[in-house]
Structure formats: C-alpha cells, structure tokens
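Numbering (our numbering), first residue to last: 48 to 299.
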Ligand code: PEP
C-alpha cells in the first residue's frame with residue numbers, strides 16, 4: 048500500500064512573515080489528517096523558518112532545487128548538505144520551470160539526485176511533456192527518456208528515496224488540468240518503465256504524484272486513479288484554505 052503525498056511548491060513566493068503566518072494557520076487546520084504525507088517546498092530564503100515552524104508536526108519541508116557539489120566556488124548555488132542543515136528532508140529536482148528557464152537537463156537531474164541521496168534526503172523528481180510533444184504523440188516516449196536518463200545511476204534500494212512527479216508542462220500554472228484518465232494513463236506508463244528497469248516490486252512501491260493546476264475541486268477525481276499517489280500543487284498551495292482543502296480531499 049503506497050502512502051499518499053500532498054506536496055506544495057511555493058515557487059518564487061512568500062516572505063518570512065508570510066511563511067510563519069501560513070504555518071500558524073495550516074498546522075491546526077490539518078492536525079487530525081492522517082491519510083497522507085504533507086510536504087511544503089518554500090524558496091531557499093525561508094526554508095529554515097519553515098522547518099522551525101513545522102517542528103513537531105507531521106509536515107515536512109522540501110527545497111525547490113539543489114546544486115550537486117557539496118561546497119566550493121559556485122556563486123549563487125545551494126548544496127544538499129546546506130539544505131539538510133536548514134531542515135529539509137526533500138528537494139524537488141527537474142521541475143519543468145528549471146528545465147525550461149534555467150537549462151536543467153536529465154544529466155543535471157541525475158547529478159542532483161546523487162547529491163541529495165548522499166545526504167539521506169529524498170528527491171521529488173519531475174517529468175512531463177510540453178503541449179507540442181503531446182500533440183505530436185511523443186509524450187510517453189519523452190517521459191520515458193526523462194526517467195531512464197534522470198534515474199540512470201540509481202539502484203533499486205535507492206529508488207525508495209525517489210518520488211516521481213508527473214507534471215505535463217501544458218498544465219502547469221495554466222488552469223488546464225490533465226483529465227484524470229490522461230494523467231492516470233501516464234502514471235501507469237511511468238510505473239511500466241520503472242518496472243522494466245527496477246522490477247515489479249520497485250515499480251509498485253514507487254509513489255507517483257500528479258502536478259498541473261490541481262485545485263480543491265479536481266483532487267478527488269485525480270486521486271481516484273489507481274496509479275496516482277498524490278499531488279504536487281503549485282498555485283493552490285500558496286493559500287492555506289485551498290492547500291488544506293486539497294490535503295483534506297475526500298472528507299465530507
Ligand atoms: C508546480 O509548480 O509544480 C505546479 C504544478 O504548479 P500549478 O499547480 O500552479 O500548476
């Protein structure tokens with residue numbers, strides 16, 4: 048049985064004061080929630096404050112990116128040991144905004160994963176096709192190559208520290224969610240690729256999240272798909288009410 052995950056990606060939003068205010072409101076609201084892991088990925092500047100705010104709760108903190116070297120002359124970068132030190136248990140790697148705007152490749156994804164696992168952290172590895180790739184019938188092939196190249200170096204035991212997030216680029220921040228069936232098909236395809244590389248047990252244990260304009264009104268139908276194990280939520284994770292409603296989906 049795979050435990051569900053609801054993860055929020057704050058992107059380039061929230062000050063220190065807004066971060067504290069967010070967790071002051073969120074934690075009591077979700078105190079009784081037990082059906083899923085909750086992860087929040089704030090920007091670097093507030094990671095430590097976020098980790099302080101969630102201490103003693105069931106919420107875990109993730110970074111949104113990482114550099115693969117531990118330290119050195121790499122101005123502007125932040126390393127996995129630094130994220131660990133700031134209180135992160137996870138980092139997102141290979142988000143499509145990093146791939147599209149900042150030159151992230153499957154090779155850099157792979158290097159970052161290695162660095163993160165060496166710190167006993169877990170990686171939320173994002174994959175997903177553009178609209179052009181989907182309309183050209185290349186979506187599954189593209190996601191397969193992102194998985195094969197990005198996860199290439201991992202052993203099956205290491206894979207247990209990986210969460211895959213399927214995020215079709217055309218659905219991110221656009222208000223256009225993939226239908227549960229479209230998302231479910233890709234999640235099944237992802238599990239198929241993982242099964243080919245690592246075997247059936249690893250594939251059945253892997254948690255695969257859907258991301259792309261998830262809202263309180265769309266989460267339940269997505270979660271009804273057998274291969275969707277949770278959501279990576281961008282815009283709707285910035286508001287306590289909508290993020291809590293997504294976490295509490297299914298409650299009457
Ligand atoms: C994301 O940032 O990973 C994301 C899915 O964003 P949104 O929910 O806003 O589409």
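The beta carbon of each residue, even a glycine, is placed where N, CA and C say it ideally should be.
Mind reading off the beta-carbon distance from residue i to residue j? Whole number of angstroms is fine, and I expect it under 8 Å.
| i | j | result |
| --- | --- | --- |
| residue 186 | residue 258 | With 8 Å as the limit, residue 186 and residue 258 do not qualify as a contact, their Cβ atoms being about 15 Å apart. |
| residue 249 | residue 203 | 5 Å |
| residue 86 | residue 107 | 5 Å |
| residue 216 | residue 177 | 5 Å |
| residue 296 | residue 266 | 4 Å |
Between the beta-carbon of residue i and the beta-carbon of residue j, is there less than 8 Å?
| i | j | result |
| --- | --- | --- |
| residue 97 | residue 70 | yes |
| residue 241 | residue 194 | yes |
| residue 76 | residue 291 | yes |
| residue 143 | residue 184 | no |
| residue 260 | residue 224 | yes |
| residue 133 | residue 95 | yes |
Answer yes or no: the CB of residue i versus the heavy atoms of the ligand PEP, is any distance below 7 Å?
| i | result |
| --- | --- |
| residue 150 | no |
| residue 260 | yes |
| residue 218 | yes |
| residue 225 | no |
| residue 176 | no |
| residue 188 | no |
| residue 61 | no |
| residue 110 | no |
| residue 280 | yes |
| residue 249 | no |
| residue 169 | no |
| residue 291 | no |
| residue 283 | yes |
| residue 58 | yes |
| residue 142 | yes |
| residue 298 | no |
| residue 180 | no |
| residue 124 | no |
Near residue i, which residues of its chain fall below 7 Å by C-beta distance, leaving aside the five closest residues on each side in sequence?
| i | result |
| --- | --- |
| residue 88 | 54, 55, 56, 57, 109, 110, 111 and 139 |
| residue 52 | 83, 84, 86, 210, 254, 256, 276 and 277 |
| residue 271 | 227 |
| residue 123 | none |
| residue 237 | 190, 194, 211, 213 and 255 |
Nearest to residue i by alpha carbon, out of the options?
| i | options | result |
| --- | --- | --- |
| residue 288 | 250, 73, 277 and 222 | 73 |
| residue 280 | 199, 131, 231 and 294 | 294 |
| residue 21 | 128, 63, 135 and 219 | Here the chain comprises residues numbered 48 to 299, so residue 21 is not present and cannot be evaluated. |
| residue 156 | 177, 123 and 201 | 201 |
| residue 252 | 214, 67, 173 and 205 | 205 |
| residue 102 | 67, 141 and 119 | 67 |
| residue 147 | 273, 219 and 48 | 219 |
| residue 334 | 264, 284 and 190 | Nothing about residue 334 can be reported from this structure: the residues present for the chain run from 48 to 299 only. |
| residue 197 | 95, 170, 100 and 94 | 170 |
| residue 199 | 64, 214 and 243 | 243 |
| residue 172 | 145, 105 and 149 | 145 |
| residue 301 | 48, 50, 65 and 49 | Because the chain is modelled from 48 through 299, residue 301 falls outside the range shown and cannot be assessed. |
| residue 48 | 150, 273 and 283 | 273 |
| residue 105 | 282, 78 and 50 | 78 |
Tell me which same chain residues have a C-beta within less than 6 Å of the C-beta of residue i, skipping the five on either side of it?
| i | result |
| --- | --- |
| residue 115 | 158, 159 and 162 |
| residue 263 | 289, 292 and 293 |
| residue 222 | 260 |
| residue 180 | 186 and 189 |
| residue 63 | 93 and 96 |
Please return the same chain residues whose Cβ sits closer than 8 Å to the Cβ of residue i, not counting the five positions on each side in sequence.
| i | result |
| --- | --- |
| residue 275 | 227, 230, 231, 234, 255, 256, 257 and 269 |
| residue 168 | 127, 130, 131, 135, 136, 137, 138 and 208 |
| residue 304 | Since the first and last residues shown for the chain are 48 and 299, residue 304 lies out of range. |
| residue 90 | 57, 58, 59, 60, 61 and 111 |
| residue 99 | 134 |
| residue 154 | 196 |
| residue 214 | 142, 143, 173, 174, 175, 257, 258, 259 and 279 |
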